[in-house]
Every structure is written in C-alpha cells, then in structure tokens.
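Visitor:
What follows is the structure in structure tokens.
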C-alpha cells in the first residue's frame, strides 16, 4: 500500500508540473505560467499543430500589417517632403510646378488597409493561446509546489508542499 501511495504521489506531481498555461500580452507576445516570455522557437516546441498554424498565420499578418503601415506612412512623408522641396520661388522667379495630391491618398489608403490587418493578427494569436490552454487543461484541485524525500531515524517519508 505504501508503494502504491508513493507511485501515485509521484505521478500526480509529474502531471501537475507538466500542465502549463499560456497568456498573450500586447504585441502578440506569449508568456508561460511562470511569466517567462516565449520566443518563436519555444512556441514551436510547445504548441500543437493546430495552435502553431494559427500562431504562424498571426505572425505573418503582423509582419504584413507592419509593412503596409510603415510603407503608407513613408509614402505620405516622402510625398510631403517632395512637395515642400518643389514649392516656393525658383531661381528664375517663377513658382514651382504644381503637383497632384494622389500620392497622399495612396499613402493614406495603405495606412487604412493596414489597420484591420494589424487588428486581425492579435485575434489569431489569442485564439492559438486559447487552443493550447484548452489542450493542456489546468487543474486547480491539486497544486503541489514541491515534494521532498525525507529520511531520518524514524524512517522514510515524503514532504508535500501545497
């Protein structure tokens, strides 16, 4: 009976330690239950195929959204600097040639396109984390922090810290 109790206790301890919950914070960063940030390599090691597929899709959307956002902002800034450079009085006394505002609208359109893309990436990563937390359910019934094997003159014992 003592051997059965010992095996059961060690088995519960190992099961309790292998169940880990994940959380997502801003920017699509994933943290484990200890509060450590997981990089992409560790996410690939720990997540199952379905959750990893959603995570990678979310990261791709984040990259694409960043390209559109910064590309649109750059287009607006470059267009504005070009207009400022060409405006004003030229050396022959005439004003600079007028230019159209088309590139402003193109840049603004690219920035507007990037907004739903950047919103969508967080939803995919959040869903990925939810799938992993459902896949590894955390049991709050038994939470063993540490186990120690104690040996003294009276015999052998196990110390459990809950």
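Numbering (my numbering), first residue to last: 147 to 308.
Built from N, CA and C at the ideal position, the CB exists for glycine as well.
On a predicted model such as this, the values are computed, not experimentally measured, just so you know.
1. In this structure, does DSSP put residue 298 in helix, strand or coil?
2. Can you check which of these residues, 228, 251, 190 and 294, is closest to residue 243 by C-alpha distance?
3. For the alpha helix (DSSP H) containing residue 187, list its first residue and its last residue.
4. Output the boundary residues of the beta strand (DSSP E) element that contains residue 171.
5. Given a threshold of 16 other Cβ atoms within 10 Å of its Cβ, counted over all protein chains shown, does residue 208 qualify as buried or as exposed?
6. Whose CA, out of 223, 179 and 192, lies closest to the CA of residue 253?
7. For a test of the three-state rule: what should DSSP assign to residue 245, helix, strand or coil?
Guide: Walking through what the data contain:
1. strand
2. 228
3. 186-192
4. 169-171
5. buried
6. For the residues 223, 179 and 192, the minimum Cα distance to residue 253 belongs to 223.
7. coil
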